[in-house]
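*Asks:* Chains F and V, in that order, give the protein sequences. The first sequence begins at 90 in our numbering and counts up one residue at a time. The second sequence begins at 133 in our numbering and counts up one residue at a time. Where a beta carbon is used, it is the ideal one built from N, C-alpha and C, also for glycine.
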Amino acid sequence: MKQTTYNRHHRARQVARFLALLMAVIMVLGSFALLLAGCSTAGGGKKAGSVDLAKLRDDLLADISFESEMTPLDDSLFDRYYSFDPSLAVEKYVVVSNGWTVEEIALFQAADEDKAKTIEAAMQERVEDQKKAFEDYVPAELTKLQSPVIVRSGVYVGMCISGDDSKAQEIMDQYLK
Amino acid sequence: MKCDIDVDNSTNPTPVPKKNSRRAKRRKHQFGFLLLALILVAVAAAALLSSPDLPQVLAGPQQAYYPPEALAASEHASANPSGQSSGDSKATASLNTAEADATSDQAETQESVLTPAGGATATPSPPPAVITQAPVPDEIAVAASAEAEDSYFAQSAFIGDSRTVGLMISGRLSQATFLASVGMNVSKFFTETIDLGSGTESTIADALKTQPYDKIYLAFGINEYDWPNKSEFIREYLRIVQYIQGMQPDAVIYIQSILPVTYTYEQEHSGINQTLADLNALLMQLCQNTSTYYLDVAQSLSDDYGRLPAEASSDGVHLTSAYLAKWTDYLKTHTVP
């Protein structure tokens, strides 16, 4: 009897130890899985194979000090700002100054890489147009147009005109490079 | 049975069986292992929570798209009752003239963007002089009316300078046609081309030939306030009105009063608000002489002193989205039947 009781207790202890070990292994494996999931989505919101342009826009607006209030550009006004057919882009975010500075954010996902090059050329053209518009209006704004941040990576093209080119470059590189 | 005897513990001489000691050690190891697993889970959870994919509360000002410096400057302005910028103030809205003036000796300065005492109509200290404004004659005034629908502006043209560009960008009158550009003034109306979209460029004068409008809103003056000869401004404005009346005979023409600037901007451009008020008086005479209507937008957006409230503009001249909304509301509620 005593031996049977001892065996039962022994067996129970073995089961308890096994369950505790199993739980510990599950928790360790689970924590590694969580860590890997966190790392895969870190680095500026760049998921595998895609760029979160909306997040990039938000980060630029939050981390760069724009002088003027920035407003999303209505689609009806797009052709006043950019000379290309908006259908070249499958996704776009354009945020502009309320009119008195050259500050601007323009982010596009083109349909393909050739169209991305077209969009990039249109951005360069936009910069030149703004230089002409502001050289007699507010010449001080021309400093922001000297080296605007324009980044193209695959089908993604982004431009940020601001007074903080280095910060803009840093943020754009996090997402697009 | 061998026992480990705690010979030093005279208060508890009870021997500890060696088997129990091994069990205790095993339990200690298991506990330690579990504790380590818990710590790893906590670290992983913290890493995941700090991942950018999860919603985060952003630090800093949350007013959508408003430059953070403006809020920082307001705190600075609160400590600087004179309302004038100081050399160590953080960058806020750069002070930019509406039109580059080659004879001006003003340099770019940093300025606070909110009134020193804060608030929508807070009084700066000491109180500034009230801007003298002429009353609007009844025959040209537009009385308040029921709010017009967006479609009311479908055949309307808004003509003007960068302030009108701001109105265009706000998107609140999306059905209207905007013939405006930064730096536009009454003398460039006939000569300087503007981008009309789709690669088309034209002067405003030529653009008015392309389609009929039933309402035309004019807004000039901020780029001309420092012209040495004020009558030249009125002469050019009259020329524009007469041109439009010839080109668009069925259109109702509204001349909008020139919006004032903020008190802070005025400190760097002495007398500008009174000058703008004086030009508005001349515009009222123009309306009387040409049978056009005078829309007193300036009065509707001004504070009690006849100036643009500090929170209405980040540079002292151009309106924030909130005040562009007020401007739009005024236009919608002051229409001629």
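Could you check where the alpha helix (DSSP H) with F:Met212 kicks off and where it finishes?
*Replies:* What you label residue 212 of chain F is simply residue 123 of the first sequence in a count that begins at 1. 202 to 224 is the span of the alpha helix (DSSP H), which, as asked, contains F:Met212.
*Asks:* Relative to the C-alpha of V:Gln420, which candidate in V:Ile387, V:His401, V:Asp293, V:Phe165 has its C-alpha closest?
*Replies:* Counting from one through the second sequence, the residue named residue 420 of chain V turns up at place 288. For V:Gln420, the nearest C-alpha among the options comes from V:Ile387.
*Asks:* Going along chain F in order, which residues have a C-beta closer than 7 Å to the C-beta of V:Asp327?
*Replies:* Here the question's residue 327 of chain V lines up with position 195 in the second sequence. Residues of chain F passing the Cβ test: Arg169.
*Asks:* Are three or more beta carbon pairs between the region 445 to 460 of chain V and the region 266 to 276 of chain V nearer than 8 Å?
*Replies:* In short, these stretches do not touch, since the Cβ pair count stays below three.
*Asks:* For V:Val262, is the classification buried or exposed, using 16 other Cβ atoms within 10 angstroms of its Cβ as the cut-off for buried?
*Replies:* Here the question's residue 262 of chain V lines up with position 130 in the second sequence. Exposed.
*Asks:* Suppose the cutoff is 8 Å on Cβ atoms and the five residues either side in sequence are ignored; what does the same chain contact list for V:Pro344 look like?
*Replies:* Here the question's residue 344 of chain V lines up with position 212 in the second sequence. Contacts found: Gln287, Gln380, Asp382, Ala383.
*Asks:* Short of 7 Å in beta carbon distance, which residues of its chain neighbour V:Ser453, apart from the five on each side in sequence? Order them along the chain.
*Replies:* As a position in the second sequence, residue 453 of chain V is number 321, starting the count at 1. The residues are Ser302.
*Asks:* Need the endpoints of the beta strand (DSSP E) that F:Ala199 sits in, please.
*Replies:* Here the question's residue 199 of chain F lines up with position 110 in the first sequence. 193 to 199 is the extent of the beta strand (DSSP E) around F:Ala199.
*Asks:* Does the beta carbon of V:Thr467 sit closer than 9 Å to a beta carbon anywhere in chain F?
*Replies:* By one-based count along the second sequence, residue 467 of chain V stands at place 335. Judged by the 9 Å Cβ criterion, V:Thr467 is not in contact with chain F.
*Asks:* So that I know if they touch, is there some Cβ in chain V lying closer than 9 Å to that of F:Glu217?
*Replies:* Residue 217 of chain F sits at position 128 when you count from the first residue of the first sequence. It does not; no Cβ of chain V falls within 9 Å.
*Asks:* Nearest chain V C-beta to F:Arg106 closer than 9 Å, yes or no?
*Replies:* For the purposes of this step, residue 106 of chain F is taken as the residue at position 17 of the first sequence. It does; some Cβ of chain V falls within 9 Å.
*Asks:* Output the boundary residues of the alpha helix (DSSP H) element that contains V:Asp338.
*Replies:* To locate residue 338 of chain V, count along the second sequence from 1; it is residue 206. That run of the alpha helix (DSSP H) goes 336 to 339.
*Asks:* Where do the ends of the alpha helix (DSSP H) carrying V:Gly298 lie?
*Replies:* Numbered from 1 along the second sequence, position 166 holds the residue referred to as residue 298 of chain V. Its alpha helix (DSSP H) spans residues 294 to 302.
*Asks:* Find the residues of chain V that neighbour F:Ser165, judging by a C-beta separation of less than 7 Å, and give them in chain order.
*Replies:* As a working mapping, residue 165 of chain F is identified with position 76 in the first sequence. Per Cβ cutoff of 7 Å: Ser306.
*Asks:* Cβ closer than 9 Å: which chain V residues qualify as neighbours of F:Met248?
*Replies:* Residue mapping note: residue 248 of chain F aligns to position 159 of the first sequence, counting from 1. By Cβ distance, chain V contributes nothing, its closest Cβ being about 17 Å from F:Met248, past 9 Å.
*Asks:* If you draw a straight line from the alpha carbon of V:Gly315 to that of V:Gly292, how long is it in whole angstroms?
*Replies:* To locate residue 315 of chain V, count along the second sequence from 1; it is residue 183. To locate residue 292 of chain V, count along the second sequence from 1; it is residue 160. One C-alpha to the other measures close to 9 Å.
*Asks:* Do you know offhand how far F:Asp203's Cα is from F:Glu192's?
*Replies:* Translated into the one-based positions of the first sequence, residue 203 of chain F becomes position 114. Translated into the one-based positions of the first sequence, residue 192 of chain F becomes position 103. Each residue's Cα considered, the two are about 27 Å apart.
*Asks:* To which residues does DSSP link V:Ile291 through a beta bridge?
*Replies:* Translated into the one-based positions of the second sequence, residue 291 of chain V becomes position 159. Note: V:Ile291 sits in a beta bridge opposite V:Leu311, V:Leu350.
*Asks:* Taking C-beta to C-beta, are V:Ser432 and V:Lys464 nearer than 9 Å?
*Replies:* For this step, residue 432 of chain V is matched to residue 300 along the second sequence. For this step, residue 464 of chain V is matched to residue 332 along the second sequence. Result no, Cβ atoms of V:Ser432 and V:Lys464 do not sit closer than 9 Å.
*Asks:* For F:Glu209, return the contacting residues in chain V, with the cut-off set at a CB-CB distance below 9 Å.
*Replies:* Here residue 209 of chain F refers to the residue found at position 120 of the first sequence. Result: empty, since nearest Cβ-Cβ is about 18 Å, beyond 9 Å.
*Asks:* Can you list, in chain order, the residues of its chain with a C-beta nearer than 6 Å to that of V:Ser294? Leave out the 5 residues immediately preceding and following it.
*Replies:* Position 162 of the second sequence, counted from the first residue, corresponds to residue 294 of chain V. For V:Ser294, where only same-chain residues beyond five positions count, the Cβ hits under 6 Å are Val314.
*Asks:* From the beta carbon of F:Gly188, is the nearest beta carbon of chain V less than 9 Å away?
*Replies:* Stepping through the first sequence from its first residue, residue 188 of chain F is reached at position 99. F:Gly188 counts as touching chain V.
*Asks:* Run the CB neighbour count on F:His98, radius 10 Å, all protein chains shown included, and call it buried at 16 or more, exposed below.
*Replies:* Within the first sequence, the letter at position 9 stands for residue 98 of chain F. It counts as exposed.
*Asks:* Cα separation between F:Pro175 and F:Gln219?
*Replies:* Numbered from 1 along the first sequence, position 86 holds the residue referred to as residue 175 of chain F. Numbered from 1 along the first sequence, position 130 holds the residue referred to as residue 219 of chain F. Going by the C-alpha atoms only, they are around 20 Å apart.
*Asks:* Between the Cα of V:Val318 and the Cα atoms of V:Met300, V:Phe310, V:Ala337, which residue gives the shortest distance?
*Replies:* Translated into the one-based positions of the second sequence, residue 318 of chain V becomes position 186. When each option's Cα is compared against that of V:Val318, the closest is V:Ala337.
*Asks:* Rank F:Val216, F:Leu196, F:Lys256 by C-alpha distance to the C-alpha of F:Val244 and give the top, closest one.
*Replies:* Locating residue 244 of chain F in the first sequence gives position 155, counting from the first residue. If we check each option's Cα against that of F:Val244, F:Leu196 comes out closest.
*Asks:* To which residues does DSSP link V:Asp327 through a beta bridge?
*Replies:* Within the second sequence, residue 327 of chain V is the residue found at index 195, counting from 1. V:Asp327 is bridged to V:Glu333.
*Asks:* Here's the rule: buried if 16 or more other CB atoms are within 10 angstroms of the residue's CB, otherwise exposed. What is F:Lys34?
*Replies:* Here chain F comprises residues numbered 90 to 266, so residue 34 of chain F is not present and cannot be evaluated.
*Asks:* Taking Cβ to Cβ, would you say V:Leu391 is nearer than 9 Å to V:Ala430?
*Replies:* The count along the second sequence starts at 1 and reaches residue 391 of chain V at position 259. The count along the second sequence starts at 1 and reaches residue 430 of chain V at position 298. Going by C-beta atoms, V:Leu391 is nearer than 9 Å to V:Ala430.
*Asks:* On the three-state DSSP scale, how would you describe F:Ile250?
*Replies:* Mapped onto the first sequence, residue 250 of chain F falls at position 161. It is a strand residue.
*Asks:* My output table needs one value for F:Val140: the three-state DSSP class, helix, strand or coil.
*Replies:* Stepping through the first sequence from its first residue, residue 140 of chain F is reached at position 51. Looking at F:Val140 - three-state DSSP - the assignment turns out to be strand.
*Asks:* Cβ of F:Asp253 versus every heavy atom of the ligand PLP: is any distance shorter than 8 Å?
*Replies:* This structure does not include the ligand PLP; it has no bound ligands of any sort.
*Asks:* Near F:Phe316, which residues of its chain fall below 7 Å by C-beta distance, leaving aside the five closest residues on each side in sequence?
*Replies:* Since the displayed chain F opens at 90 and closes at 266, residue 316 of chain F lies outside it and no answer follows.
*Asks:* Determine the burial state of V:Lys157: buried for a count of at least 16 other Cβ atoms within 10 Å of its Cβ, exposed for fewer.
*Replies:* In the second sequence, the residue the question calls residue 157 of chain V occupies position 25. Its Cβ having fewer than 16 others within 10 Å, V:Lys157 is exposed.
*Asks:* Quick one: list the residues of chain F neighbouring V:Leu80, beta-carbon separation under 7 Å, in chain order.
*Replies:* The first residue shown for chain V is 133 and the last is 469, placing residue 80 of chain V beyond what the model contains.
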